[in-house]
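One structure below.
2 protein chains.
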Amino acid sequence: MQIVVVGGAGTIGKAVVDALSERHDVIVAGRQSGTVQVDIQSPDSVRDMYQEVGAFGALVCAAGEAHFGPFDAMSEQDLRLAIESKLLGQIRLVLLGRSQIADGGSFTLISGYVFDDPLPEAASFAVANGGVEGFVRGAALALPRGIRINAVSPGMAAESEEQFGRFNPGRLPVPMRTIGAAFERSVDGWRTGEIIRAW
Amino acid sequence: MQIVVVGGAGTIGKAVVDALSERHDVIVAGRQSGTVQVDIQSPDSVRDMYQEVGAFGALVCAAGEAHFGPFDAMSEQDLRLAIESKLLGQIRLVLLGRSQIADGGSFTLISGYVFDDPLPEAASFAVANGGVEGFVRGAALALPRGIRINAVSPGMAAESEEQFGRFNPGRLPVPMRTIGAAFERSVDGWRTGEIIRAW
Numbered sequence: 609m610q611i612v613v614v615g616g617a618g619t620i621g622k623a624v625v626d627a628l629s630e631r632h633d634v635i636v637a638g639r640q641s642g643t644v645q646v647d648i649q650s651p652d653s654v655r656d657m658y659q660e661v662g663a664f665g666a667l668v669c670a671a672g673e674a675h676f677g678p679f680d681a682m683s684e685q686d687l688r689l690a691i692e693s694k695l696l697g698q699i700r701l702v703l704l705g706r707s708q709i710a711d712g713g714s715f716t717l718i719s720g721y722v723f724d725d726p727l728p729e730a731a732s733f734a735v736a737n738g739g740v741e742g743f744v745r746g747a748a749l750a751l752p753r754g755i756r757i758n759a760v761s762p763g764m765a766a767e768s769e770e771q772f773g774r775f776n777p778g779r780l781p782v783p784m785r786t787i788g789a790a791f792e793r794s795v796d797g798w799r800t801g802e803i804i805r806a807w
Numbered sequence: 609m610q611i612v613v614v615g616g617a618g619t620i621g622k623a624v625v626d627a628l629s630e631r632h633d634v635i636v637a638g639r640q641s642g643t644v645q646v647d648i649q650s651p652d653s654v655r656d657m658y659q660e661v662g663a664f665g666a667l668v669c670a671a672g673e674a675h676f677g678p679f680d681a682m683s684e685q686d687l688r689l690a691i692e693s694k695l696l697g698q699i700r701l702v703l704l705g706r707s708q709i710a711d712g713g714s715f716t717l718i719s720g721y722v723f724d725d726p727l728p729e730a731a732s733f734a735v736a737n738g739g740v741e742g743f744v745r746g747a748a749l750a751l752p753r754g755i756r757i758n759a760v761s762p763g764m765a766a767e768s769e770e771q772f773g774r775f776n777p778g779r780l781p782v783p784m785r786t787i788g789a790a791f792e793r794s795v796d797g798w799r800t801g802e803i804i805r806a807w
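Top line first, the protein sequences correspond to chains A and B.
Per our numbering, the very first residue in the first sequence carries number 609; after that it's consecutive.
Per our numbering, the very first residue in the second sequence carries number 609; after that it's consecutive.
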């Protein structure tokens with residue numbers, strides 16, 4: 609089965625690719641890296657990616673940006689990045705790919721622990737994560753041909769501890785292998801409409 | 609205390625106004641009705657509303673639109689309404705009103721049960737609701753001067769049963785008074801960063 613991993617060259621994306629490439633043919637897509645170029649903020653770019661990829665059995669997204677910074681200074685413009693990239697960008701991958709994915713295929717999007725356990729600096733992330741989780745739950749009820757959809761909500765990744773540990777008192781970093789395995793459960797498992805927490 | 613109820617002339621808004629007006633001075637704001645006009649999709653309109661209202665101790669939003677219809681036909685354009693109105697429109701009320709609200713004041717936004725218990729036709733609503741819930745949890749950690757923020761997540765309102773009952777097998781309608789009371793608990797209570805479910 610051919611699996612597209614959008615953002616597969618990023619911190620979490622690499623863990624996803626590691627987990628999936630043992631048993632699958634993985635195509636890494638990314639804005640600046642990977643074998644296929646895609647900018648999830650652009651519908652045209654997403655369409656081009658699907659045309660280039662052709663037949664596929666699963667798509668995983670480990671991409672999507674959002675603003676991280678003090679809430680006091682957070683403007684609507686700051687929030688737009690979360691909306692257009694981490695939220696709409698991911699949903700766009702499903703809306704534009706759902707007719708092309710194989711029967712019984714799956715989409716796996718990425719949410720994150722700050723929806724459940726927020727940080728003052730990560731309100732934008734919480735907005736995007738909540739939106740993604742709502743979309744996944746709704747879409748799972750209506751996708752045709754046995755197509756499944758889940759979101760993985762990773763905790764603080766071990767490889768991000770140096771950057772984000774100081775914002776997360778008492779939060780134990782999650783080994784990259786644990787995060788990769790959560791994506792593998794979504795792709796190779798049976799569940800749909802679920803938020804798979806990797807904390 | 610002066611309380612602004614955006615969407616106060618709508619089905620749920622009326623229940624909110626009923627619950628709050630016994631003990632408070634309520635100003636109803638709305639796009640076409642109420643004593644103050646506001647379109648939450650427009651930052652300028654929200655700024656004008658706050659200028660007209662002046663000092664206030666609480667703002668409740670019972671407004672925000674989203675697309676309801678078959679998922680198969682749902683386009684990114686359909687989803688935009690949920691993003692710009694029910695999600696960003698509500699957040700905008702907080703971002704633009706937070707400097708003007710009284711010390712110890714509160715914002716109460718509206719989410720909805722389809723985030724937790726989705727309907728295939730309501731994926732857009734689920735996106736907006738999840739985003740609102742994420743925002744509320746994050747913002748509560750950072751709002752200054754004792755300002756609180758919650759979201760009320762109403763079930764299927766009794767007055768909407770005729771319109772939406774057929775999409776909701778086995779869902780008991782929630783009396784309007786129960787929904788109004790949930791908003792009252794947010795405004796006159798002590799909690800912050802909570803999703804108050806009225807199911």
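Where is the CB? At the ideal position from N, CA and C, for every residue including glycine.
* When DSSP builds the beta bridges, which residues end up paired with isoleucine 611(A)? -> Val634(A) and Ala666(A)
* Asked: So what's arginine 756(A) in DSSP terms, helix, strand or just coil?
  -> strand
* Asked: On the three-state DSSP scale, how would you describe glutamine 698(A)?
  -> helix
* Under 8 Å between C-beta atoms, does arginine 700(B) make it to chain A? -> yes
* Indicate whether at least one CB of chain A lies closer than 8 Å to the CB of arginine 756(B). => no
* **Integer Cβ distance of glycine 801(A) from leucine 749(A), believed to fall under 8 Å** => 7 Å
* asparagine 737(A) vs serine 719(A) beta-carbon contact at 8 Å -> yes
* Inter-residue spacing [alpha-carbon to alpha-carbon] between arginine 785(A) and alanine 627(A) -> 7 Å
* To do: Determine contact between the stretch 690-709 of chain B and the stretch 786-800 of chain A, defined as no fewer than three beta-carbon pairs at a distance below 8 Å.
  => no
* Any C-beta of chain B sitting closer than 8 Å to the C-beta of alanine 750(A)? -> yes
* Are isoleucine 709(B) and isoleucine 755(B) close, meaning C-beta to C-beta below 8 Å? -> yes
* Residues, ordered as in the chain, of the stretch 724-742 of chain A that lie near chain B by beta-carbon distance below 9 Å -> Asp724, Asp725, Pro726, Leu727, Pro728, Glu729, Ala730, Ala731, Ser732, Phe733, Ala734, Val735, Ala736, Asn737, Gly738, Gly739, Val740, Glu741 and Gly742
* Which one or two residues does DSSP pair with serine 761(A) in a beta bridge? -> Arg805(A)
* To do: Examine chain A for any beta-carbon lying closer than 8 Å to the beta-carbon of leucine 687(B), and answer yes or no.
  => yes
* **Boundaries of the alpha helix (DSSP H) in which isoleucine 718(A) is found, first to last residue** => Per DSSP, isoleucine 718(A) belongs to no alpha helix (DSSP H); it is in the beta strand (DSSP E), 709-718.
* Between serine 641(B) and methionine 682(B), is the Cβ-Cβ spacing less than 8 Å? -> no
* Does DSSP classify valine 661(A) as helix, strand or coil? -> helix
* With respect to the alpha helix (DSSP H) encompassing phenylalanine 772(A), which residues constitute its N-terminal and C-terminal limits? -> 769-772
* To do: For glycine 746(A), decide whether its Cβ has a neighbour in chain B, counting only Cβ atoms nearer than 8 Å.
  => yes
* Asked: Got a sec: is the Cβ-Cβ distance from phenylalanine 679(B) to anything in chain A below 8 Å?
  -> yes
* Opening and closing residue of the alpha helix (DSSP H) in which asparagine 776(A) lies -> Premise fails: asparagine 776(A) is in no alpha helix (DSSP H) and is neither H nor E.
* For the stretch 632-655 of chain B, which residues have a CB atom closer than 9 Å to at least one CB atom of chain A, in sequence order? -> Pro651
* Distance between glycine 739(B) and aspartate 633(A) (C-alpha atoms, nearest Å) -> 34 Å
* Asked: When DSSP labels each residue in this structure, what does valine 646(A) get in the three-state scheme?
  -> coil
* To do: Mind reading off the beta-carbon distance from isoleucine 803(B) to valine 744(B)? Whole number of angstroms is fine, and I expect it under 8 Å.
  => 7 Å
* Can you find a C-beta in chain A that's less than 8 Å from the C-beta of glutamate 684(B)? -> yes
* Between the C-alpha atoms of leucine 696(A) and alanine 617(A), what's the straight-line distance to the nearest angstrom? -> 21 Å
* Spatial distance of histidine 675(B) from arginine 688(B) (CA atoms) -> 9 Å
* Can you give me the Cβ contacts of glycine 615(B) inside the same chain, cut-off strictly under 7 Å, excluding the 5 residues immediately before and after it? => Gly621, Gly638, Cys669, Ala670 and Ala671
* Going by beta carbon distance, what residues of the same chain come within less than 7 Å of valine 636(A), once the five residues before and after it are set aside? -> Val613, Gly616, Ala617, Val625, Gly642 and Thr643
* Asked: chain B beta carbons: is any one of them nearer than 8 Å to that of isoleucine 803(A)?
  -> no
* **Residues that isoleucine 709(B) contacts on chain A, provided the C-beta gap is smaller than 8 Å** => Result: empty, since nearest Cβ-Cβ is about 14 Å, beyond 8 Å.
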